[in-house]
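K.L.:
Same order as they appear, the protein sequences are chains A and B.
If you count by the numbering used here, then the first sequence holds residues 80 to 281, one letter each, in order.
If you count by the numbering used here, then the second sequence holds residues 80 to 281, one letter each, in order.
All C-beta atoms, glycine included, are put in the ideal place defined by N, C-alpha and C.
Here the structure is a predicted model, which is why all the values come from computation and not from measurement.
Mind looking over this structure? Questions follow.
2 protein chains.
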Amino acid sequence: MSGEGPSLRERRRVETRRLIQSHALRLFAERGFDDTTVNDVARASGVSAMTVYRHFPTKEDLVLHGRYDHLVAAGVAARPADEPPVRRIGRALVETVRDLAGSADRELLLARLRLMVDTPALRARHLDSQFATQQAIAAALLGDAPEPDAEFRVGAAASACLAAMHVALTRWAREDGRPDLPGLVAAALAAAFGEEFGDDVD
Amino acid sequence: MSGEGPSLRERRRVETRRLIQSHALRLFAERGFDDTTVNDVARASGVSAMTVYRHFPTKEDLVLHGRYDHLVAAGVAARPADEPPVRRIGRALVETVRDLAGSADRELLLARLRLMVDTPALRARHLDSQFATQQAIAAALLGDAPEPDAEFRVGAAASACLAAMHVALTRWAREDGRPDLPGLVAAALAAAFGEEFGDDVD
DNA sequence: CACAACTTGTGAGCGACTAACAGTACGGTA
DNA sequence: TACCGTACTGTTAGTCGCTCACAAGTTGTG
Numbered sequence: 080m081s082g083e084g085p086s087l088r089e090r091r092r093v094e095t096r097r098l099i100q101s102h103a104l105r106l107f108a109e110r111g112f113d114d115t116t117v118n119d120v121a122r123a124s125g126v127s128a129m130t131v132y133r134h135f136p137t138k139e140d141l142v143l144h145g146r147y148d149h150l151v152a153a154g155v156a157a158r159p160a161d162e163p164p165v166r167r168i169g170r171a172l173v174e175t176v177r178d179l180a181g182s183a184d185r186e187l188l189l190a191r192l193r194l195m196v197d198t199p200a201l202r203a204r205h206l207d208s209q210f211a212t213q214q215a216i217a218a219a220l221l222g223d224a225p226e227p228d229a230e231f232r233v234g235a236a237a238s239a240c241l242a243a244m245h246v247a248l249t250r251w252a253r254e255d256g257r258p259d260l261p262g263l264v265a266a267a268l269a270a271a272f273g274e275e276f277g278d279d280v281d
Numbered sequence: 080m081s082g083e084g085p086s087l088r089e090r091r092r093v094e095t096r097r098l099i100q101s102h103a104l105r106l107f108a109e110r111g112f113d114d115t116t117v118n119d120v121a122r123a124s125g126v127s128a129m130t131v132y133r134h135f136p137t138k139e140d141l142v143l144h145g146r147y148d149h150l151v152a153a154g155v156a157a158r159p160a161d162e163p164p165v166r167r168i169g170r171a172l173v174e175t176v177r178d179l180a181g182s183a184d185r186e187l188l189l190a191r192l193r194l195m196v197d198t199p200a201l202r203a204r205h206l207d208s209q210f211a212t213q214q215a216i217a218a219a220l221l222g223d224a225p226e227p228d229a230e231f232r233v234g235a236a237a238s239a240c241l242a243a244m245h246v247a248l249t250r251w252a253r254e255d256g257r258p259d260l261p262g263l264v265a266a267a268l269a270a271a272f273g274e275e276f277g278d279d280v281d
């Protein structure tokens with residue numbers, strides 16, 4: 080038997096999903112998000128509009144699908160527990176971003192950020208998704224049933240860090256990915272918190 | 080002539096606007112934002128749907144209309160120029176929020192925040208509007224044509240402050256406006272920046 | 001009173017999104 | 001191999017947010 084590999088159905092599913100998303104990102108980059116209809120994406124992908132919606136709950140998810148919450152949360156959890164929360168979170172963000180900016184997903188990430196920067200609906204959705212990231216960070220630092228007050232404080236710290244990172248991501252996309260992304264994130268965090276976040280420093 | 084008072088047209092205009100918004104907020108509070116159509120709002124207000132759109136560009140603006148950017152920016156500009164940006168912004172936010180939470184708009188503010196907290200679309204739009212606030216703060220601190228690098232640093236600081244404040248606003252709405260709002264905002268800022276933001280302290 | 005400016009309602013239409021139904025291909029089973 | 005439940009897809013129709021074009025009524029002005 081051919082191992083426990085995913086079934087044909089599963090492979091097709093992820094393949095059409097990938098196909099649809101790649102056509103979507105291409106069309107959005109060419110004509111803009113608002114000037115591309117879901118029907119356009121469907122036609123370009125050779126499927127019906129309904130199929131697009133079955134794979135992506137909303138048009139915006141064609142761009143935003145793919146969360147990094149667990150990566151960030153794992154990075155935060157991995158940092159020494161005796162660091163103050165802001166440093167823990169901030170440095171974990173810099174590390175996570177370094178991994179992403181060096182990976183094969185770099186171009187994908189850049190394309191998505193470019194769209195986000197100048198499409199209000201996408202920008203808004205992305206900011207709201209940071210709310211989920213914030214909660215993932217809080218869970219990583221405090222466990223599943225945290226005391227409300229501690230959750231409040233950690234939530235404030237996490238959302239402040241994420242907001243600073245967002246400014247860095249925005250600038251990175253605006254400058255077409257030329258600057259060093261982890262450096263930008265570290266600089267944004269330093270500007271906000273008056274502290275070093277480059278992880279070469281001890 | 081009857082002075083320079085607003086014309087009849089103008090008075091009617093602001094009156095219908097107020098009427099529509101009050102009916103909208105009432106209906107949204109009763110049935111929820113997503114389960115209330117713009118047509119419902121129009122009917123309740125005794126106007127056509129088109130009129131609603133002429134006064135409010137989108138359904139979401141029925142809740143979000145009314146920006147505080149200029150208030151915040153003025154507050155930031157009013158603080159001593161020798162303070163570091165984060166303290167300047169943070170304390171200005173606490174002061175602005177104190178004014179608002181004590182004013183007659185308090186119930187209106189609370190109603191709008193309640194809707195924002197549990198309606199994803201509104202939450203997202205509100206977060207995105209903080210982007211505009213961030214730019215207003217940067218403009219207040221740096222003038223109209225700032226150097227990109229300084230704008231980046233101030234933007235990071237401002238967005239981090241606003242994110243922390245948002246956590247406080249969320250909690251305030253979740254607890255039905257019972258806690259002291261400026262105190263909550265100060266606590267969130269303190270948790271994020273490890274510094275005091277109550278303006279009684281020197 | 002006449003004319004311009006403004007506001008509103010109506011109707012048609014687009015696009016995002018959903019629900020219901022039907023057809024087809026896959027996966028395991030006898 | 002033949003069979004059947006399951007999953008995936010397409011089609012159709014419909015709701016809702018939102019825009020445009022046009023007509024009609026009201027307000028302000030000479």
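Does DSSP put His144 (chain B) in a helix, in a strand, or in coil?
P.N.:
His144 (chain B) falls in the coil class under three-state DSSP.
K.L.:
Return helix, strand or coil for Glu226 (chain B), following the three-state DSSP convention.
P.N.:
coil
K.L.:
Return the residue from the list A:Ser127, A:Gln214 and A:Ala269 that minimises the CA-CA distance to Arg232 (chain A).
P.N.:
A:Gln214
K.L.:
What does the Cβ neighbour count give for Gly169 (chain A), buried or exposed, with the cut at 16 atoms within 10 Å?
P.N.:
buried
K.L.:
Could you check which residue in A:Arg158, A:Ala108, A:Met195 and A:Gly154 has the C-alpha nearest to that of Arg250 (chain A)?
P.N.:
A:Met195
K.L.:
Whose C-beta lies closer than 6 Å to the C-beta of Ala103 (chain B) among residues of the same chain, with five residues either side of it excluded?
P.N.:
Cβ within range, chain order: Val120 and Leu141.
K.L.:
Evaluate Thr137 (chain B) with the Cβ neighbour count: other Cβ atoms within 10 Å of its Cβ, from every protein chain shown; 16 or more gives buried, anything less gives exposed.
P.N.:
exposed
K.L.:
Does Leu206 (chain A) have its Cβ less than 7 Å from a Cβ in chain B?
P.N.:
yes
K.L.:
Helix, strand or coil for Pro261 (chain B), going by three-state DSSP, please let me know.
P.N.:
helix
K.L.:
With a threshold of 7 Å between beta carbons, is Gly262 (chain B) in contact with chain A?
P.N.:
no
K.L.:
For the segment 215 to 244 of chain A, which residues have a beta carbon sitting closer than 8 Å to at least one beta carbon of chain B?
P.N.:
Phe231, Arg232, Val233, Gly234, Ala235, Ala236, Ser238, Ala239, Cys240, Leu241, Ala242 and Ala243
K.L.:
Measure the C-alpha to C-alpha separation of Ala180 (chain B) and Arg202 (chain A) and round it to an integer number of angstroms.
P.N.:
29 Å
K.L.:
What residue range is occupied by the uninterrupted alpha helix (DSSP H) comprising Asp119 (chain A)?
P.N.:
Val117 to Ser124
K.L.:
Answer with yes or no whether the minimum CB distance from Arg250 (chain B) to chain A is below 7 Å.
P.N.:
yes
K.L.:
Spatial neighbours of Leu106 (chain A) within its chain, please: C-beta separation below 8 Å, excluding the five flanking residues on both sides.
P.N.:
Thr115, Asp119, Val120 and Ala123
K.L.:
Are any of the Cβ atoms in chain A nearer than 7 Å to that of Ala267 (chain B)?
P.N.:
yes
K.L.:
For Gly125 (chain A), count the other beta carbons within 10 Å of its own beta carbon; 16 or more makes it buried, fewer makes it exposed. Which is it?
P.N.:
exposed
K.L.:
Would you kindly work out how many angstroms separate the C-alpha atoms of Ile216 (chain A) and Thr175 (chain A), rounded to a whole number?
P.N.:
13 Å
K.L.:
Among A:Leu187, A:Gly234 and A:Glu230, whose alpha-carbon lies nearest the alpha-carbon of Gln293 (chain A)?
P.N.:
What the structure shows of chain A is the stretch from 80 to 281, and residue 293 (chain A) is not part of that stretch, so it cannot be assessed.
K.L.:
Figure out for me which residue from A:Ser182, A:Ala237, A:Gly154 and A:Arg92 has the closest Cα to the Cα of Val165 (chain A).
P.N.:
If we check each option's Cα against that of Val165 (chain A), A:Ala237 comes out closest.
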